[in-house]
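Visitor: Each step along the sequence shown adds one to the number in the numbering used here, with nothing skipped, and position 94 is 143.
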Amino acid sequence: MSNLLLQLADPDEVAAIVDDVRREARYVVTDFSVELVVSKFRDEAETEGDIYVPEYQRSLAWNEEQSSYFIESLILRVPVPPVFLYDVEGRLEIVDGSQRIRSLVRYLRDGFALRGLEKLDILNGYHFADLPPSVQRRLNNTPIRSFVLDQGTDESTRVELFRRLNTSGKRLEDAEIRKGVYRGAFLDLVIERAASDLFKSLTPHMAKGVDARSERQELVTRFFIYCDRYLAFRHDVRKFLDSNMDKLNKSTDEARLSEMGAEFERTMQFIRMYYPKAFYRPDGGKRVPRVRFEAIAVGTALALRSDPALRPP
């Protein structure tokens, strides 16, 4: 019945909106050979090559059996998912496909021997150098379908693509995705404060299965944004944080960043002095509920703004 009552928009208007949204993601499709990808790749931060893994994805890696299965698929010329890259001033940052590319790099640089293969079990124990020359050439010349996202693509579209495209076995947290998209001085402040001994002492435990570093960065992001912009929040926490992260990276000067950092330290010092376990439930909980953190941390910061000499009763 609800479908019968639905008032449909004009078909031409719908088609135009779909086309506009599609055009927000500008990309080219190309094929890179395995040999080219491996030769252009660097994994170390200081010597990142023309193709590189961003810092937030470096903790994601396949084990040797998973990597071997992928190598076997390429040797057999079985279709594999494409990789997605982002053009950063002519260098290509891996958006999705870092495990696949790093598996290739490790194997072609003799980093491990194949294991756990079923179709080509005869190759178990083989390093790349052990493969017959014809198989080496076949693997080197195998094309990797690649989607290269244009540098002009706006940040909101990139964030959405990061979330949609990530196919890793380990789900990337929102804080990790923001590190891959919104880079700037405000993000640096978030990372610095989240890693401080003071904040770690107040948040020693996180929920099971949660990356503690990423979760602390998420909490600190919420602290800074809600402290100044909580009245502007309407709905959709993720979009609210994303858009404000972008604005703060672009518009916050050094003096304001220093003030924000000092306020964070002052607030956390106050909490440590008067209620050091406040972020955890009194029943002995081992995780920091985000809503509880926001209420206590932001509430304390706003109270100290009103009365810097504030002391608990």
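We put the CB at the ideal spot given by N, CA and C, even for glycine.
Going by DSSP in three states, E142 sits in which element: helix, strand or coil?
Guide: strand
Visitor: For the 8 angstroms Cβ check, are there 3 or more pairs between the region 115-123 and the region 139-153?
Guide: yes
Visitor: Taking the alpha helix (DSSP H) that D295 falls in, what are its first and last residues?
Guide: V286 to S300
Visitor: Label K249 either buried or exposed according to how many other C-beta atoms from any shown protein chain fall within 10 Å of its C-beta, with 16 as the threshold for buried.
Guide: exposed
Visitor: Where does F282 land, buried or exposed, given buried means 16+ other C-beta within 10 angstroms?
Guide: exposed
Visitor: Give me the Cα-Cα distance between K257 and S245, rounded to the nearest whole angstrom.
Guide: 21 angstroms
Visitor: My parser needs the beta strand (DSSP E) runs of 3 or more residues fully inside the region 321-357; what are they?
Guide: none
Visitor: Which residues bound the alpha helix (DSSP H) around D237?
Guide: Here the alpha helix (DSSP H) through D237 covers A234 to A243.
Visitor: Given L153, which residues of its chain have a CB within under 7 angstroms of its CB, disregarding the five upstream and five downstream residues?
Guide: V83, V86 and V87
Visitor: Can you tell me whether F81 is helix, strand or coil according to DSSP?
Guide: In this structure, F81 counts as strand in the three-state DSSP scheme.
Visitor: Would L166 and Y156 qualify as a contact pair, given that the criterion is a beta-carbon distance under 9 angstroms?
Guide: no
Visitor: On the criterion of 16 or more Cβ atoms from any shown chain inside 10 Å, does M294 qualify as buried, or is it exposed?
Guide: buried
Visitor: Between which two residues does the beta strand (DSSP E) containing D136 stretch?
Guide: V132 to V137
Visitor: State yes or no: is the C-beta of R140 within less than 9 angstroms of the C-beta of I100?
Guide: Yes, the pair counts as a contact, with Cβ atoms nearer than the cut-off.
Visitor: Measuring straight from C-alpha to C-alpha, what distance separates E267 and S307?
Guide: 20 angstroms
Visitor: Within 10 Å of its beta-carbon, does M309 have 16 or more other beta-carbons around it, so buried, or fewer, so exposed?
Guide: buried
Visitor: To the nearest whole angstrom, what separates the beta carbons of F133 and L198, a pair I think is in contact under 8 angstroms?
Guide: Cβ-Cβ separation between F133 and L198: approximately 7 angstroms, consistent with a contact (criterion under 8 angstroms).
Visitor: From D237, E209, M317 and Y76, pick the residue whose C-alpha is nearest to that of V137; which is it?
Guide: Y76
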